[in-house]
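In UniProt numbering, the protein residues as written are 1 to 741.
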């Protein structure tokens with residue numbers, strides 16, 4: 001099968017399996033794991049081992065039946081052979097650039113190179129989960145692609161090994177802390193004094209942070225902030241791994257990362273069991289209880305009473321019910337709760353890890369982008385839990401997040417990493433208050449620098465004038481004095497250079513999105529549209545929707561309700577089961593998927609990526625045009641020749657945005673675009689979308705971003721699609737549900 005065809009064929013085979021109705025999250029999970037970077041599907045035996053656990057819950061956990069169905073799906077890929085007419089039609093509708101007009105634009109050469117797309121008169125440049133994209137892949141030599149694939153595999157394997165080692169170390173540390181608590185040896189949580197310490201750069205080179213010291217106070221909740229690539233996640237990992245002295249071994253620590261590595265034991269466990277096991281103190285007490293109950297020794301009887309009292313104190317009997325409520329609040333359905341961990345996608349595994357951390361109620365909780373995989377409802381629940389549950393009033397929380405609403409609602413303090421100064425500073429205020437103060441400091445510094453430079457220039461002019469025309473000895477002495485004053489001010493400016501670099505680092509980087517211009521007619525129109533996957537229930541019915549060049553539509557709803565499906569119908573990747581979809585075939589439609597940062601091969605630089613995607617005439621002028629465009633999207637000159645391996649997720653996101661913008665789309669569809677961005681970049685993207693001269697359809701959990709961008713709110717829930725007057729009304733309805741829960 002052709003590169004894109006294998007993925008399409010597998011998706012179709014999975015949807016057509018008898019007695020199975022996988023949702024879109026499950027299908028995407030299988031596609032991501034089974035389709036290699038070169039577009040080939042995993043060998044049959046390996047494929048079956050990977051896929052059968054996903055299918056098993058749909059066939060009453062009958063492993064043999066699940067394996068047979070997995071094999072059928074794999075056979076469906078082989079049976080597809082070469083690209084079929086239907087697959088070609090699906091490519092034509094793929095989630096990116098549609099229409100004859102695009103062949104006469106910057107992608108003329110690309111259309112000529114791709115037989116399938118050229119036959120239909122369409123040039124495709126996909127930026128998203130499959131964002132390596134056929135257009136880019138076709139230009140990369142086999143040797144380069146293989147090199148990139150191997151480098152990626154080595155990096156992924158190394159990262160997975162590191163995560164497993166860290167999980168093992170953290171679990172062992174939690175068990176030691178739990179035993180200390182059970183045996184009465186635990187210390188009450190008090191101020192945690194850390195430092196001085198340095199944070200090494202995991203990629204080598206100079207340290208990210210130097211000579212840092214910080215005090216973590218019980219009852220305080222810290223937001224760790226700073227620009228992409230300056231060490232937020234590295235510092236969080238560094239602290240969680242106790243590579244800094246100061247965290248007593250009797251303190252329990254939980255660390256929720258952006259990726260979860262399952263242990264062999266956890267793969268077959270249900271989410272609820274994983275969460276229950278997170279409270280190690282409870283499990284140690286239950287194990288001891290079982291041993292003591294079989295003994296009639298007087299000391300054992302006394303100890304049993306003590307253990308029972310401890311179990312009652314932590315509410316052991318109600319634990320399973322509390323876990324169920326917790327998982328439901330984080331978006332789990334009954335079907336997901338009933339699936340083994342190995343059958344869950346990465347996002348649901350992260351939610352399980354988050355639930356486990358909340359249930360365990362550790363002394364110190366480290367959270368790395370905890371809202372990334374959550375719906376807005378789940379984000380609001382998490383905010384409410386951390387800010388109002390009295391349990392956390394005596395704990396320590398440190399979180400990294402790009403969601404300023406979450407930071408403002410949850411945190412009491414901000415810890416800022418300055419990459420320029422390599423400094424960690426602490427401030428007793430949440431993010432927005434810190435950002436306001438920061439802007440005031442930036443303005444004050446700018447005024448001070450301008451005033452000082454003006455004074456230096458006047459002093460030098462006065463001194464130079466005097467020496468040039470001569471004068472009395474007293475006048476010459478006065479001129480020398482002025483010259484010394486100027487030098488003193490220059491030294492003062494030099495001493496302030498570090499502060500200036502620190503403050504300027506947080507200045508907003510531009511993000512300019514080019515548009516194809518306004519179109520008079522609708523870009524996409526739904527009339528009575530309904531959709532259901534084969535063998536499944538209707539996701540939504542009788543939907544009317546129109547998107548034009550001025551639209552700013554946000555799609556809201558829980559995961560699995562149909563947001564991704566609706567996006568695929570808008571782009572033409574799927575067709576409705578009933579109703580009419582009308583698309584402007586001359587419009588360029590681009591999708592920025594939530595995994596857009598993954599499209600850069602590990603050894604590719606931003607400039608090389610853009611040159612591969614848009615070779616133009618190969619001239620120096622064309623290269624300069626791409627460089628200028630990258631700079632306009634916040635990928636500055638010093639980053640344009642840096643391999644993707646050394647770029648942060650946010651920096652790679654900007655490259656992906658630049659690739660989309662260069663195509664000058666009429667409609668951009670953004671699926672969780674803020675996931676890899678820092679707070680300042682989220683602000684820049686919101687401003688760019690506001691100024692974009694085209695239509696926008698948005699799927700996002702970032703409350704601030706949605707409030708800034710959305711003009712139309714569409715909610716998909718339990719098969720119904722409804723419009724709300726504002727995002728605020730949607731939040732209000734969720735808050736009411738949480739209050740009544």
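No residue lacks a Cβ here, since even glycine has one placed at the ideal position from N, Cα and C.
- Annotation for residue 416: the continuous beta strand (DSSP E) segment containing it runs 413 to 418.
- With 16 or more other Cβ atoms inside 10 Å of its own Cβ, residue 588 counts as buried.
- Here residue 664 is buried, its C-beta having at least 16 other C-beta atoms within 10 Å.
- When the Cα atoms are used, residue 277 and residue 346 turn out to be separated by approximately 20 Å.
- By the Cβ test, the region 527 to 544 is not in contact with the region 680 to 691, since fewer than three Cβ pairs between them sit closer than 8 Å.
- For residue 27, the enclosing alpha helix (DSSP H) begins and ends at 24 to 34.
- CA-to-CA, the gap between residue 546 and residue 42 works out to about 40 Å.
- With 16 or more other Cβ atoms inside 10 Å of its own Cβ, residue 281 counts as buried.
- Note on residue 74: 16 or more other CB atoms within 10 angstroms of its CB, so buried under the neighbour-count rule.
- For residue 55, the enclosing alpha helix (DSSP H) stretches over residues 44 to 55.
- Contact annotation, residue 512 with residue 632: C-beta distance approximately 4 Å; criterion of less than 8 Å satisfied.
- Between residue 350 and residue 258, the gap from beta carbon to beta carbon is short of 8 Å.
- Our two residues, residue 254 and residue 543, have alpha carbons roughly 44 Å apart in a direct line.
- Distance from the CA of residue 518 to the CA of residue 541, rounded to the nearest whole angstrom, comes to 30 Å.
- Residue pairing by DSSP places residue 712 opposite 553 in a beta bridge.
- Under the DSSP definition of a beta bridge, residue 527 partners with 580.
- Residue nearest to residue 523 within the set 62, 719, 552, 355 is 552 (criterion: CA-CA distance).
- If you keep only unbroken alpha helix (DSSP H) runs of at least 4 residues inside the region 677 to 722, you get 679 to 691, 703 to 709.
- Bounds of any beta strand (DSSP E) do not take in residue 409; it lies within the alpha helix (DSSP H) bounded by 404 to 410.
- Going by DSSP, residue 614 is part of no beta strand (DSSP E) at all; its letter is neither H nor E.
- Taken atom to atom, the span from the alpha-carbon of residue 409 to that of residue 164 is near 32 Å.
- Straight across, the Cα-Cα distance linking residue 642 with residue 604 is about 8 Å.
- With contacts defined as CB atoms closer than 8 Å, residue 579 and residue 537 fail to qualify as a contacting pair.
- Excluding five sequence positions before and after residue 600, the CB atoms of its chain that fall closer than 7 Å to its own CB belong to 609, 644, 652, 655, given in chain order.
- When the alpha-carbon of residue 585 is set against those of 593, 594, 592, 570, the nearest one is in 570.
- In the DSSP assignment, residue 76 falls outside any beta strand (DSSP E) and within the unbroken alpha helix (DSSP H) covering 63 to 80.
- For residue 196, the enclosing beta strand (DSSP E) begins and ends at 192 to 199.
- Contact check for residue 24 and residue 565: beta-carbon distance about 6 Å, within the 8 Å limit, so the pair qualifies.
- Between the region 323 to 335 and the region 376 to 385, the count of C-beta pairs closer than 8 Å reaches three or more; the two stretches touch.
- A direct Cα-Cα distance of roughly 20 Å separates residue 454 from residue 441.
- A residue is called buried when at least 16 other Cβ atoms come within 10 angstroms of its Cβ; residue 8 meets this threshold and is buried.
- Close CB contacts of residue 180 within its chain, under the 7 Å cut and outside five residues either way in sequence, are with 186, 250 (chain order).
- Between residue 341 and residue 267, the C-beta spacing is below 8 Å.
- The secondary-structure analysis by DSSP pairs residue 215 across a beta bridge with 193.
- Within the model, the alpha-carbon separation for residue 402 versus residue 572 is close to 31 Å.
- In this structure, DSSP gives residue 266 a helical state, which the three-state scheme calls helix.
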